[in-house]
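Chains as they are written, first to last, in our numbering: chain A, 1 to 217; chain B, 218 to 527.
Glycine included, C-beta positions come from ideal geometry on N, C-alpha and C.
Okay, here's the thing in structure tokens:
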């Protein structure tokens, strides 16, 4: 599902974030991406989401070679990837419902379908009662769950998360991870960047460890 | 989703964005009104001048075309010779009609028009020359053709003076054309300023919504999706600006029409003020919308690529 083949990423200032990285994630797999800060975790996720492109090597996601993808196709490609961020990236002038509905509005779903799917997603993250609230009225953990609901609302086959529990206490972090597990159980490929070693060592998933832009074995 | 439903959702989405961008203007009424009035004035100014120009052209158009030349014959040329000359001129390709007036006919005409009546009988001799009035053919009605004809006629032996009638009218027309050109330039400049005003307003609202644009791009929004609300904002600015321009213009014309009608009545009502209200009601909002959407497009295009989800 996620396939990196000798991928290099060099920034204009000659800093090499990824150096010949190769790894493979199966369809329906759940895995963690770890490594100390600056090891290239964020860069790797950005390459998958096509926020950035690799300098060398192939990134093949869901059988699509991202290096060959024309610019106009990028938005459509991104719709099959759910993104969860450390700082949630919610729109603070819109209700929880409107935040979660955004991907569906973008892909042109009809009104009824949007209502149905948004409520289903909010139900799954346990926030059904808060759809009329503004994000600012929610706790940090709840905001992160809104972010997750938005990431899964259009049922993407891949879910990427960049430090999703970075700002949460251990108990809330555990809940969030359980949410990711639930999505993985229904077939979503889940890839989570995290440096929360306590948390991920207790979970039975593969760990891809980065060190200076390479795999650390 | 099938195609029909997809299209329906797309249309619905457009209407939604159209209304919500109008709502966005409504939420900041002072800023919106200022922008709209600026656009309205910028559109009303050239449109107002155009209305004035159209009216002037209408007035001057009521006089006959100035392709008429009066030939005053030398005193010693007799009536028969004058007749012959007129017939000879009629055979010229660039002359379509001639009319010969002997000196006594001219005197008679003058007697009627001047109202001097029997006073003229006291003159020792008729002071008026015989006249041939020449009408230039339509095919030769360009200014240089007329001037060439005038030149050839003036050099003829029997002719004392060849005079192009109503040369002043032509001057008026040239003046009118100059004014028209000036108004076109003014309209172009003001259109550019409308474009810039809208572009700048949209630019500010893009900067205010940078975070939102970034998120939209992250969850798979196309450039068209990001652009759409801004284009509709431009649409509304332009449209409402056009309506304001129209209202401004009609108010100004209403104020000016009193004195103009008074003036017209002194000239036997040979003209009346043309308001062009219907034409402008279509043209001004349409022009506004065009400029608004274009301005928004330019502003968004410049910033869209700058805001990448990074």
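Sheet register partners of residue i (DSSP bridge)
| i | result |
| --- | --- |
| residue 34(A) | 209(A) |
| residue 185(B) | This structure leaves residue 185(B) out entirely; chain B is present only between 218 and 527. |
| residue 78(A) | DSSP, once it has assigned bridges, lists no residue as partnering residue 78(A). |
| residue 287(B) | 350(B), 380(B) |
| residue 59(A) | 4(A) |
| residue 369(B) | Its beta-bridge partners do not exist; DSSP assigns none. |
| residue 162(A) | 193(A) |
| residue 65(A) | 60(A) |
| residue 412(B) | Paired residue(s): none; residue 412(B) is not in a bridge. |
| residue 214(A) | 211(A) |
Cβ neighbours of residue i in the same chain (closer than 6 angstroms, five flanking residues each side left out)
| i | result |
| --- | --- |
| residue 184(A) | 30, 190 |
| residue 492(B) | 470 |
| residue 324(B) | 343, 345 |
| residue 411(B) | 256, 259, 508 |
| residue 515(B) | 416 |
| residue 172(A) | 141 |
| residue 268(B) | 493 |
| residue 5(A) | 22, 57, 58 |
| residue 261(B) | 462, 465, 466 |
Host beta strand (DSSP E) of residue i (start-end)
| i | result |
| --- | --- |
| residue 9(A) | 2-10 |
| residue 158(B) | Nothing can be reported for residue 158(B), as the shown portion of chain B is limited to 218 through 527. |
| residue 231(B) | Segment 220-244 is the alpha helix (DSSP H) holding residue 231(B); no beta strand (DSSP E) there. |
| residue 16(A) | 16-25 |
Contacting residues, own chain, Cβ-Cβ under 7 angstroms from residue i (five flanking each side not counted)
| i | result |
| --- | --- |
| residue 439(B) | none |
| residue 257(B) | 458, 461, 462, 465 |
| residue 302(B) | 349, 375 |
| residue 453(B) | 238, 239, 242 |
| residue 115(A) | none |
| residue 396(B) | 270 |
| residue 99(A) | 90, 91, 135, 146, 150 |
beta-carbon residue i near the ligand ATP non-hydrogen atom, thresh 7 angstroms
| i | result |
| --- | --- |
| residue 373(B) | The model depicted lacks the ligand ATP and carries no ligand whatsoever. |
Beta carbon of residue i nearer than 8 angstroms to that of residue j
| i | j | result |
| --- | --- | --- |
| residue 455(B) | residue 510(B) | yes |
| residue 350(B) | residue 285(B) | yes |
| residue 108(A) | residue 230(B) | yes |
| residue 162(A) | residue 86(A) | yes |
| residue 418(B) | residue 241(B) | no |
| residue 517(B) | residue 423(B) | yes |
| residue 274(B) | residue 393(B) | yes |
| residue 294(B) | residue 347(B) | yes |
| residue 195(A) | residue 43(A) | no |
| residue 319(B) | residue 296(B) | yes |
| residue 142(A) | residue 130(A) | yes |
| residue 363(B) | residue 381(B) | yes |
| residue 11(A) | residue 18(A) | no |
| residue 74(A) | residue 67(A) | no |
| residue 106(A) | residue 436(B) | yes |
| residue 63(A) | residue 157(A) | no |
| residue 340(B) | residue 328(B) | no |
| residue 246(A) | residue 146(A) | Nothing can be reported for residue 246(A): it is not among the residues displayed for chain A, which extend from 1 to 217. |
| residue 48(A) | residue 179(A) | no |
| residue 1(A) | residue 27(A) | yes |
| residue 311(B) | residue 378(B) | no |
| residue 79(A) | residue 167(A) | no |
8 angstroms Cβ cutoff, residue i in contact with chain D
| i | result |
| --- | --- |
| residue 62(A) | Chain labels in this structure do not include chain D; the protein chains are A and B. |
Enclosing alpha helix (DSSP H) for residue i [first to last residue]
| i | result |
| --- | --- |
| residue 475(B) | 440-483 |
| residue 141(A) | 140-152 |
| residue 495(B) | 494-521 |
| residue 276(A) | Nothing about residue 276(A) can be reported from this structure: the residues present for chain A run from 1 to 217 only. |
| residue 44(A) | 41-48 |
| residue 184(A) | 170-185 |
| residue 198(B) | The structure shown does not extend to residue 198(B), since chain B is modelled only from 218 to 527, so the question has no answer here. |
| residue 51(A) | That residue, residue 51(A), is in no alpha helix (DSSP H); it is neither H nor E in DSSP. |
| residue 428(B) | 427-435 |
| residue 111(A) | 111-124 |
Cβ neighbours of residue i in the same chain (closer than 8 angstroms, five flanking residues each side left out)
| i | result |
| --- | --- |
| residue 507(B) | 455 |
| residue 119(A) | 128, 131 |
| residue 14(A) | none |
| residue 498(B) | 463 |
| residue 307(B) | 314, 315 |
| residue 88(A) | 135, 143, 144, 146, 147 |
| residue 215(A) | 21, 22, 23, 208, 209 |
Can you list, in chain order, the residues of the region 434-453 of chain B whose Cβ is nearer than 8 angstroms to any Cβ on chain A?
Identification of residues in the region 434-453 of chain B having a C-beta nearer than 8 angstroms to some C-beta of chain A yields 434, 435, 436, 437, 438, 439, 440, 442, given in sequence order.
Of the residues that make up the region 80-93 of chain A, which ones have a beta carbon closer than 7 angstroms to any beta carbon in chain B?
For the region 80-93 of chain A, which is checked against every Cβ of chain B, the residues closer than 7 angstroms are 83, 89, 91.
Near-chain A residues of the region 237-258 of chain B - C-beta to any C-beta below 7 angstroms
Of all residues in the region 237-258 of chain B, none has a Cβ within less than 7 angstroms of some Cβ in chain A.
Going along the chain, which residues of the region 409-429 of chain B sit with their C-beta nearer than 9 angstroms to a C-beta in chain A?
Of all residues in the region 409-429 of chain B, the ones placed with a Cβ closer than 9 angstroms to any Cβ belonging to chain A are 428, 429, in chain order.
Members of the region 218-231 of chain B near chain A, C-beta cut-off 8 angstroms:
Here the close residues are 218, 222, 223, 225, 226, 227, 229, 230.
Given a limit of 8 angstroms on CB to CB distance, which residues of the region 95-116 of chain A reach chain B?
For the region 95-116 of chain A, residues whose beta-carbon sits nearer than 8 angstroms to a beta-carbon of chain B comprise 102, 103, 105, 106, 107, 108, 109, 110, 111.
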